[in-house]
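Read through the structure below, which is laid out as structure tokens, and then see the notes.
Protein chains: 2
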Amino acid sequence: MRIEIICTGDEVLTGKIVNTNFSYMSQKLEDVGLSVHWGTTVGDDRESLLQAFQLAAQRADAVIVNGGLGPTVDDLSQEIAAQAAGVELVLNEEWLVTMEDFFTKRSRIMPANNRKQAMLPSTAEVIDNPIGTACGFAMDIGRARFFFTPGVPRELRRMLEQQVIPRLLARSGSPVTIHLKRFHSYGLGESHVDSLLTGVEELVPDGSVKLGFRAHYPQLETKLVVRGADADDVQRKLRPVQAEVRKRLGNFIMAEDDQTLEGVVLAGLTELRATLALVETFTSGQIAGRIGHLPGAEHVLRRGVVVRDRAELHQALGLRDVMLTGELTQDATEAVARAARTHASATHALAVLIDLDEGADRIDLGGTIWIAIATEQETVFRRSRILGGRDWVRLGAVELGLDCLRRYLQGLPVVERIDFEKT
Amino acid sequence: MRIEIICTGDEVLTGKIVNTNFSYMSQKLEDVGLSVHWGTTVGDDRESLLQAFQLAAQRADAVIVNGGLGPTVDDLSQEIAAQAAGVELVLNEEWLVTMEDFFTKRSRIMPANNRKQAMLPSTAEVIDNPIGTACGFAMDIGRARFFFTPGVPRELRRMLEQQVIPRLLARSGSPVTIHLKRFHSYGLGESHVDSLLTGVEELVPDGSVKLGFRAHYPQLETKLVVRGADADDVQRKLRPVQAEVRKRLGNFIMAEDDQTLEGVVLAGLTELRATLALVETFTSGQIAGRIGHLPGAEHVLRRGVVVRDRAELHQALGLRDVMLTGELTQDATEAVARAARTHASATHALAVLIDLDEGADRIDLGGTIWIAIATEQETVFRRSRILGGRDWVRLGAVELGLDCLRRYLQGLPVVERIDFEKT
Chain D
1 MRIEIICTGD EVLTGKIVNT NFSYMSQKLE DVGLSVHWGT TVGDDRESLL
51 QAFQLAAQRA DAVIVNGGLG PTVDDLSQEI AAQAAGVELV LNEEWLVTME
101 DFFTKRSRIM PANNRKQAML PSTAEVIDNP IGTACGFAMD IGRARFFFTP
151 GVPRELRRML EQQVIPRLLA RSGSPVTIHL KRFHSYGLGE SHVDSLLTGV
201 EELVPDGSVK LGFRAHYPQL ETKLVVRGAD ADDVQRKLRP VQAEVRKRLG
251 NFIMAEDDQT LEGVVLAGLT ELRATLALVE TFTSGQIAGR IGHLPGAEHV
301 LRRGVVVRDR AELHQALGLR DVMLTGELTQ DATEAVARAA RTHASATHAL
351 AVLIDLDEGA DRIDLGGTIW IAIATEQETV FRRSRILGGR DWVRLGAVEL
401 GLDCLRRYLQ GLPVVERIDF EKT
Chain F
1001 MRIEIICTGD EVLTGKIVNT NFSYMSQKLE DVGLSVHWGT TVGDDRESLL
1051 QAFQLAAQRA DAVIVNGGLG PTVDDLSQEI AAQAAGVELV LNEEWLVTME
1101 DFFTKRSRIM PANNRKQAML PSTAEVIDNP IGTACGFAMD IGRARFFFTP
1151 GVPRELRRML EQQVIPRLLA RSGSPVTIHL KRFHSYGLGE SHVDSLLTGV
1201 EELVPDGSVK LGFRAHYPQL ETKLVVRGAD ADDVQRKLRP VQAEVRKRLG
1251 NFIMAEDDQT LEGVVLAGLT ELRATLALVE TFTSGQIAGR IGHLPGAEHV
1301 LRRGVVVRDR AELHQALGLR DVMLTGELTQ DATEAVARAA RTHASATHAL
1351 AVLIDLDEGA DRIDLGGTIW IAIATEQETV FRRSRILGGR DWVRLGAVEL
1401 GLDCLRRYLQ GLPVVERIDF EKT
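Chains as they are written, first to last, in our numbering: chain D, 1 to 423; chain F, 1001 to 1423.
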């Protein structure tokens, strides 16, 4: 099935906003085994919209149009859809009532211009939007089935996932259940993971499991798209493959599906009824900032300390008899973590200290990252060297620090070589 | 002049990467008074590329193609460009030498497959890429001039700004100098700023100044695009308009052009040879994280303290005789800032404390933000209430805290009502 996406709106065309709706839609379709063949972006302009609809109507089997369903004069999608299909716009009484209810529930009166949102092409099938006034709809134009969706991201997401994708799958002639399984790892590059996972797809010989990746430094997402007759069939196919992925990527998998690294760390600490003290230098609060705002962190994050001159730690942590100037040492790093723990009366402390190379920022500028985790019983240590400029070092240090803590909490080795370090 | 952009590559089409190159290019063209009429996204697929080139060649005056200039087999731009124009691919000896030099300088030998990057359509005009091996080029296809650019963002940016835009401006028949002036503000919404600036464009009666906005909460960017015969003419036109914008937006302008709020704060502190102590709660390090990693911050950021339970501040700051439980007070907030300053031996302290509403996250969940700035001489205070859910409150508090410090350093009132607060 050939699918096209048409994104509409001056804000997207002029680059005033980055078109994340496109990548979101395209990705979601890939995740269920469909693929987008062509993308078009046009402004709020009658001639361009008509031309875009007509071209897609000749080429595609299905077209998703995003945006242009609002109440203002520059929202033109319904009007041009009717024109392209050669049908009339008619008032959809049902949607009008839905909108009036929407406003009543919010103790407001519906403005007159919202009425325009209930004017739909006469051949349109309404697609419900339970969280907004933009009415989604589907209709045939030329040889293609068009799906019109709102530009507001959260309205789009709900409509795409709950209504458009099931309709596309039904049309694609493959009456299957599709499931997406995701693994988030840190420390292995995409090509390395790709080679580690060679052959996992073939564990299900009928080709119904597809492996894919999405890299966003420093994390890598490994995806398995599984097709089956029903949910049980999908689980049966997924089971051996996901077991194999977990086995091969092992300690490097830090989260699965909707989990995040910081969420896993927070959950691990919460489960132990533990409390956390953090010490940061060049990462300057960005480790604390990943955890501290999460719901539940108020019971866990006891204290974070940020300094740019390590000598400040003497006074900040009541730390004596430790050499913090010059090149760091394992002993000094461990002493910092221990002092942070006792000073904040926390059960766990994580110290991430960085010796950044001298000089202006450049692609081969590096940093040495000194990490210690202290508990009442023990202190563990990890050192790493990352190259790639100030931002790269900082991003890597934030992730490495959090991941060391995740490994510690899960009883995994804190020291394990990663692809991004130079040692 | 009708301009189109064609973005190529499976990674962009499948949503594996968000297409920031498109919004970047479109925005840059807007900034010099050009506008993009149509955007197309296609994969690394011969048929789609040829069709996209042919359609644009019929419709547009100028086309920017992004991506597909690499050394691998799925990089097809040169090949399909030659096919669309009906010309041959020929080896460009000059670019081959340039590439060999590129590798030699990096002590590497050029891999054989890079030779493909020097195969250009016979009618191509080479566009230099001083920082990569992808050779840019321009050529006519149909009625349009096509500009082929690399997909790597930093290579694209340099080529677009230094080479493609000047060529487009020359072709657009307006031999003018174009200048973009930007103001960054915090605290006023887009429609409010728009109404405050009514008529500023007309200060230059010939229509050569154009006003625009770009909102990215919590900041708003106000842009003036000025066209003139030369740099002097541009400055002459810009002067009265920018003076008027500065006057009308006044204290709300926190930075101009490439400046950032955190950079302005750091520069202000550096100029005073001042040092800074920070105290954060729900923002949990995100204020420190904006400043602390900047070059020069190592001389300024003395210490940041993050807690989620305010009672922790007693011990963290050696703070006695102040009530920190229950609803906050101005006195307690000011005492925290003073204690943070003396505890870190800093000249300035900024405390941003937040009482977040109880309950699950929701669109009307709010937070009361208590801000104090302490120096040796005085303590100033600001309270604000922001609604909009956990993330909105957190983002607003980070910006408000930094902006209060900016105002204090610039001798402006720290307390001035903003559009985003509910009081």
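Each residue gets a CB set at the ideal place from its N, CA and C atoms; glycine is no exception.
Looking at the secondary structure, which residues open and close the beta strand (DSSP E) in which residue i lies?
{"i": "Lys181 (chain D)", "result": "177–186"}
{"i": "Val1264 (chain F)", "result": "Here Val1264 (chain F) belongs to no beta strand (DSSP E); instead the alpha helix (DSSP H) covers 1261–1271."}
{"i": "Ser1384 (chain F)", "result": "1379–1387"}
{"i": "Pro1121 (chain F)", "result": "1119–1121"}
{"i": "Gly1228 (chain F)", "result": "1219–1228"}
{"i": "Gly1304 (chain F)", "result": "1301–1306"}
{"i": "Ala52 (chain D)", "result": "Where Ala52 (chain D) is concerned, there is no enclosing beta strand (DSSP E), although the alpha helix (DSSP H) it sits in stretches over 46–59."}
{"i": "Phe1420 (chain F)", "result": "It is not in any beta strand (DSSP E) - Phe1420 (chain F) carries neither H nor E in the DSSP assignment."}
{"i": "Ala85 (chain D)", "result": "No beta strand (DSSP E) contains Ala85 (chain D), which is instead part of the alpha helix (DSSP H) from 77–85."}
{"i": "Arg145 (chain D)", "result": "144–149"}
{"i": "Ala1311 (chain F)", "result": "Careful: Ala1311 (chain F) lies outside any beta strand (DSSP E) and carries neither H nor E."}
Closest to residue i by C-alpha separation, out of the options, would be which residue?
{"i": "Arg1143 (chain F)", "options": "F:Val1234, F:Gln1078, F:Ala1085", "result": "F:Ala1085"}
{"i": "Val1352 (chain F)", "options": "F:Val1241, F:Ala1332, F:Ala1112", "result": "F:Ala1332"}
{"i": "Leu400 (chain D)", "options": "D:Leu319, D:Ile287, D:Arg182, D:Ala134", "result": "D:Ile287"}
{"i": "Thr1260 (chain F)", "options": "F:Arg1002, F:Leu1120, F:Tyr1408, F:Ser1185", "result": "F:Ser1185"}
{"i": "Glu79 (chain D)", "options": "D:Ile3, D:Phe148, D:Trp392", "result": "D:Phe148"}
{"i": "Ile1006 (chain F)", "options": "F:Phe1053, F:Val1018, F:Gly1359, F:Thr1020", "result": "F:Phe1053"}
{"i": "Glu1376 (chain F)", "options": "F:Arg1145, F:Gly1366, F:Arg1341", "result": "F:Arg1341"}
{"i": "Ser35 (chain D)", "options": "D:Val42, D:Tyr24, D:Val241", "result": "D:Tyr24"}
{"i": "Arg383 (chain D)", "options": "D:Asp361, D:Thr329, D:Leu395", "result": "D:Thr329"}
{"i": "Leu429 (chain D)", "options": "D:Leu220, D:Pro205, D:Glu201", "result": "With chain D running from 1 to 423 in the structure shown, residue 429 (chain D) is simply not present."}
{"i": "Gln58 (chain D)", "options": "D:Asp232, D:Ser172, D:Gly292, D:Arg145", "result": "D:Arg145"}
{"i": "Glu421 (chain D)", "options": "D:Leu405, D:Arg308, D:Trp370, D:Val380", "result": "D:Trp370"}
{"i": "Arg171 (chain D)", "options": "D:Glu155, D:Arg158, D:Thr198, D:Ala138", "result": "D:Ala138"}
{"i": "Arg385 (chain D)", "options": "D:Ile178, D:Thr325, D:Leu365, D:Ala374", "result": "D:Leu365"}
{"i": "His1179 (chain F)", "options": "F:Asp1232, F:Glu1327, F:Leu1013", "result": "F:Asp1232"}
Any beta carbon of chain D sitting closer than 9 Å to that of residue i?
{"i": "Tyr1408 (chain F)", "result": "no"}
{"i": "Leu1055 (chain F)", "result": "yes"}
{"i": "Met1025 (chain F)", "result": "yes"}
{"i": "Ile1017 (chain F)", "result": "yes"}
{"i": "Thr1020 (chain F)", "result": "yes"}
{"i": "Cys1404 (chain F)", "result": "no"}
{"i": "His1293 (chain F)", "result": "yes"}
{"i": "Gln1315 (chain F)", "result": "yes"}
If we count the other Cβ atoms within 10 Å of its Cβ and call it buried at 16 or more, is residue i buried or exposed?
{"i": "Pro1218 (chain F)", "result": "buried"}
{"i": "Arg463 (chain D)", "result": "Any answer about residue 463 (chain D) is impossible in this case: the structure gives chain D only from 1 up to 423."}
{"i": "Ser1026 (chain F)", "result": "buried"}
{"i": "Leu1272 (chain F)", "result": "exposed"}
{"i": "Pro153 (chain D)", "result": "exposed"}
{"i": "Gly1039 (chain F)", "result": "buried"}
{"i": "Gln242 (chain D)", "result": "buried"}
Kindly indicate if chain F contains any beta-carbon less than 9 Å away from that of residue i.
{"i": "Trp38 (chain D)", "result": "yes"}
{"i": "Glu30 (chain D)", "result": "yes"}
{"i": "Gly401 (chain D)", "result": "no"}
{"i": "Phe213 (chain D)", "result": "yes"}
{"i": "Pro218 (chain D)", "result": "no"}
{"i": "Thr368 (chain D)", "result": "no"}
{"i": "Thr14 (chain D)", "result": "yes"}
What are the start and end residues of the alpha helix (DSSP H) that includes residue i?
{"i": "Arg1248 (chain F)", "result": "1231–1249"}
{"i": "Asp1031 (chain F)", "result": "1020–1031"}
{"i": "Ala1344 (chain F)", "result": "Ala1344 (chain F) -> no alpha helix (DSSP H), and no H or E assigned at all."}
{"i": "Gly1396 (chain F)", "result": "1390–1409"}
Less than 8 Å between the CB of residue i and some heavy atom of the ligand MG, yes or no?
{"i": "Asp1074 (chain F)", "result": "In the structure shown, the ligand MG is absent, as is every other ligand, since no ligand is present at all."}
Counting only Cβ pairs nearer than 9 Å, list the residues of chain A close to residue i.
{"i": "Ser77 (chain D)", "result": "Absent from the structure: chain A. Protein chains present are D and F."}
Between the stretch 322–342 of chain D and chain F, which residues of the former have CB atoms less than 7 Å from a CB of the latter, in chain order?
-> none
**OP:** Closer than 8 Å, Cβ to Cβ, to anything on chain F: give me those residues from the stretch 270–291 of chain D, in chain order.
**Re:** Leu278, Glu280, Phe282, Thr283, Ser284, Gly285, Gln286, Ile287, Ala288, Gly289, Ile291
Next item on the list: With 9 Å as the C-beta to C-beta threshold (strictly closer), list the residues of the stretch 1374–1395 of chain F near chain D in chain order.
Entry: Per Cβ criterion, the list reads Arg1390, Asp1391, Arg1394.
To be precise: take each residue of the stretch 184–196 of chain D, compare its Cβ to all Cβ atoms of chain F, and keep it if any distance is under 8 Å. Which residues remain? Cβ contacts with chain F: none found.
Counting only Cβ-Cβ distances shorter than 8 Å, please list the residues of the stretch 240–263 of chain D near chain F, keeping chain order.
none
Taking a cut of 9 Å between CB atoms, which residues from the stretch 40–69 of chain D lie near chain F? Thr40, Thr41, Val42, Gly43, Asp45, Ser48, Gln51, Ala52, Leu55, Arg59
| Between the stretch 1296–1312 of chain F and chain D, which residues of the former have a C-beta closer than 9 Å to a C-beta of the latter? | Ala1297, Glu1298, His1299, Val1300, Leu1301, Arg1302, Arg1303, Gly1304, Val1305, Val1306, Val1307, Arg1308, Asp1309, Glu1312
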